[in-house]
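**Student:** Questions regarding the structure given below will be posed in turn.
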Amino acid sequence: MTSVVQARLDADEQKILDNLVHQLGWSPSKIVREGIRLVAACHPPRKRPRIIGTGEFSSGIGDLSFNKKHLEDFGRD
């Protein structure tokens with residue numbers, strides 16, 4: 201699947217693009233695609249934060265997290 205991207209370049213950015221086209225012999229599209237790959241490589245996707253201790257302890261009660269009867273006297277002396 202391909203898509204079309206339209207970008208506005210200021211004079212300096214256009215000059216850089218023109219120089220890269222001349223220097224590398226690539227099309228402007230290839231330079232943009234390679235630039236996207238380079239930025240993606242420098243900024244890998246973030247991993248979801250891990251909650252410390254999740255799943256590391258066993259109470260022996262399989263429904264402890266969602267059965268309200270286990271919390272009936274919780275917090276009462």
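When you line the sequence shown up against the numbering used here, it's residues 201 to 277, in that order. The beta-carbon is built from N, C-alpha and C at its ideal position, and this holds for glycine as well.
Look at the alpha carbon of leucine 224 and the alpha carbon of proline 244, and state the distance between them as a whole number of angstroms.
**Tutor:** Position 24 of the sequence shown, counted from the first residue, corresponds to residue 224. Position 44 of the sequence shown, counted from the first residue, corresponds to residue 244. Leucine 224 and proline 244: Cα-Cα distance of roughly 26 Å.
**Student:** Which runs of the alpha helix (DSSP H), 4 residues or longer, sit entirely within the stretch 213-267?
**Tutor:** DSSP runs (the alpha helix (DSSP H)) wholly in the stretch 213-267: 228-242.
**Student:** Is it true that the CB of leucine 209 sits closer than 8 Å to the CB of leucine 220?
**Tutor:** Position 20 of the sequence shown, counted from the start, is the residue given in the question as residue 220. Position 9 of the sequence shown, counted from the start, is the residue given in the question as residue 209. Contact: no.
**Student:** Less than 8 Å between the CB atoms is what I'm expecting for valine 232 and valine 205, so what's the real figure, rounded?
**Tutor:** Counting from 1 along the sequence shown, the entry for residue 232 is found at position 32. Counting from 1 along the sequence shown, the entry for residue 205 is found at position 5. So it is a contact: roughly 7 Å between Cβ atoms.
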